[in-house]
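Residue numbers (the working numbering): 9 to 277.
A quick write-up on the structure given underneath.
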């Protein structure tokens, strides 16, 4: 016997940190209360790479079906939670205050045109492994079904923007007298901040993006090279001594004196 399922809604979770545009590495699960409803009333969840969909098996209209569930359970909202497989989620996600632990709670505040972008509230909470909480009201599903609309919700997360700092350490015997970082975009330029002493006692030349804050990414979006200008008989000549500087590790962030968040990198030449 075949069972027919009707889609109640779908949720896509986007994140600008990832090249794919989707928020990767999330595991979605219903809350304890919603799981009990799903088991009792023939609901199933279909997980996808960018979110999930909820389906119902019922011969009733969606309105009668959900109204009955609400009457019996005294619940008018489906609730889902998400955990992250990447422990750096809090670091590279701008919606989370740095150095705070908590839950990003999302719900609809009256929008009707799909896709509905859910609105967030950050709830500080140190004793949870969940990073997202999603609440979907029955009334939103009923309204969309009456209008023959495929109900789609969307959550948009953004990459944290940081000042990028390259510490250039010269471990070679080469005399690089005039080095610089060459960028493939005019939007981002690095200035030489002079010599600095690292925590391990090594000397380095610090290059910084300054007030230009760059979004963290899981893959390189820009190309930065280290060049050196040599003086020759024919005049100054540029040479590339390091191609394709690394991008920051999201686990390595620091707060500067002016409260700017910085990403430090170390490059040996």
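Heads up, the beta-carbon is just placed ideally off N, CA and C, and yes, glycines get one too.
- Taking the CA atoms as reference points, residue 42 sits about 16 Å from residue 19.
- Cβ contact annotation for residue 139 (same chain, cutoff 7 Å, sequence separation greater than five): 90, 91, 92, 97, 111 and 112, in chain order.
- Taken in chain order, the unbroken stretches of beta strand (DSSP E) that lie wholly in the region 74 to 124 and span 3 residues or more are 85 to 92 and 110 to 115.
- Apart from the 5 residues on each side of it in sequence, residue 29 sits with its Cβ closer than 7 Å to the Cβ of 22 in its chain, given in chain order.
- As a beta-bridge residue in DSSP terms, residue 223 pairs with 169.
- DSSP places residue 47 in no beta strand (DSSP E) but in the uninterrupted alpha helix (DSSP H) bounded by 40 to 49.
- Buried is the label assigned to residue 171, since at least 16 other Cβ atoms lie within 10 Å of its Cβ.
- Rounded to whole angstroms, the gap between the alpha carbons of residue 212 and residue 160 is 51 Å.
- Annotated three-state conformation of residue 146 is helix, per DSSP.
- Of all alpha-carbon atoms in 233, 104, 77 and 54, the one lying nearest the alpha-carbon of residue 150 is that of 77.
- Contact annotation: residue 198 and residue 216 have beta-carbon atoms nearer than 8 Å.
- Between the region 234 to 242 and the region 184 to 191, the count of C-beta pairs closer than 8 Å reaches three or more; the two stretches touch.
- For residue 167, the CB contacts under 8 Å within the same chain, skipping 5 residues up- and downstream, are 23, 24, 25, 100, 101, 102, 223, 224 and 225 in chain order.
- In this chain, the beta strand (DSSP E) harbouring residue 201 covers 199 to 205.
- Within the DSSP bridge table, the entry for residue 16 names no partner.
- Separation of residue 219 and residue 174 (C-alpha to C-alpha, rounded to the nearest whole angstrom) is 15 Å.
- Residue range 243 to 250 is occupied by the beta strand (DSSP E) that includes residue 249.
- Going by DSSP, residue 261 is part of the beta strand (DSSP E) stretching over 261 to 263.
- In chain order, 108, 109 and 110 place their CB closer than 8 Å to the CB of residue 132, counting only its own chain and leaving out the 5 sequence neighbours on each side.
- The beta carbon of residue 142 sits closer than 6 Å to the beta carbons of 88 and 114 from its chain, once the five residues preceding and following it are set aside; these are given in chain order.
- In the DSSP assignment, the residues bridged to residue 132 are 110.
- Residue 21 sits in a strand when the DSSP states are folded into three classes.
- Comparing C-alpha distances from residue 128 to each of 239, 135, 117 and 67 shows the shortest one belongs to 117.
- Excluding the 5 residues flanking it on each side, residue 147 has same chain C-beta neighbours closer than 8 Å at 84, in chain order.
- Of the residues assessed, residue 80 falls on the exposed side of the cut-off, its CB having fewer than 16 other CB atoms within 10 angstroms.
- For residue 26, no beta strand (DSSP E) segment is defined, and its DSSP state is neither H nor E.
- In terms of CA proximity to residue 61, 16 leads the group 16, 177, 238 and 245.
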